[in-house]
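In this note's numbering, the protein residues as written are 1242 to 1361. By construction, the Cβ of each residue, glycine as well, lies at the ideal position given by its N, Cα and C atoms. What follows is one structure encoded as structure tokens, with my remarks underneath.
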């Protein structure tokens, strides 16, 4: 049954979705701004909030190592270094809402709704 299952499937099976979001999360963290479809942007927003909140829990060195090891399963290693290094100071006082989605004009070829997703 599909009760309480609200995540978008994006016409992909589970492994393809996981790989897609891993690469998109890595690109978003490294470039701080990407252009994608609106549905993918909305899915990324919740995932990036969880990742940044998890990274903010790194106060001491032991905890930092454990969290970075845990985050490497979700995003590439270079993105983990950047999020623990640069973003923690940037988002220290912010509880959530690290991402902004700006809607763009639809794509001409197939009419897909486009959006830019970026860090605030």
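As assigned by DSSP and simplified to three states, the class of residue i
i, result
"residue 1357", "strand"
"residue 1275", "strand"
"residue 1318", "helix"
Counterpart residues of residue i in DSSP-defined beta bridges
i, result
"residue 1341", "1359"
Same chain, Cβ closer than 6 Å to residue i, five either side skipped, listed in chain order
i, result
"residue 1312", "1321"
Close-in-space but distant-in-sequence residues of the same chain around residue i (CB under 8 Å, 5 per side omitted)
i, result
"residue 1280", "1249, 1251 and 1354"
Reference residue i; option with closest CA among the options
i, options, result
"residue 1260", "1245, 1316 and 1246", "1316"
"residue 1340", "1286, 1292, 1270 and 1350", "1286"
"residue 1299", "1246, 1343, 1272 and 1327", "1327"
"residue 1253", "1245, 1262 and 1296", "1262"
7 Å CB neighbourhood of residue i in its chain, flanking five on each side removed
i, result
"residue 1331", "none"
Notebook entry, point to check: In chain order, which continuous runs of the alpha helix (DSSP H) of length 4 or greater are located wholly inside the region 1272-1311?
Noted result: Complete alpha helix (DSSP H) runs here, min 4: 1279-1296.
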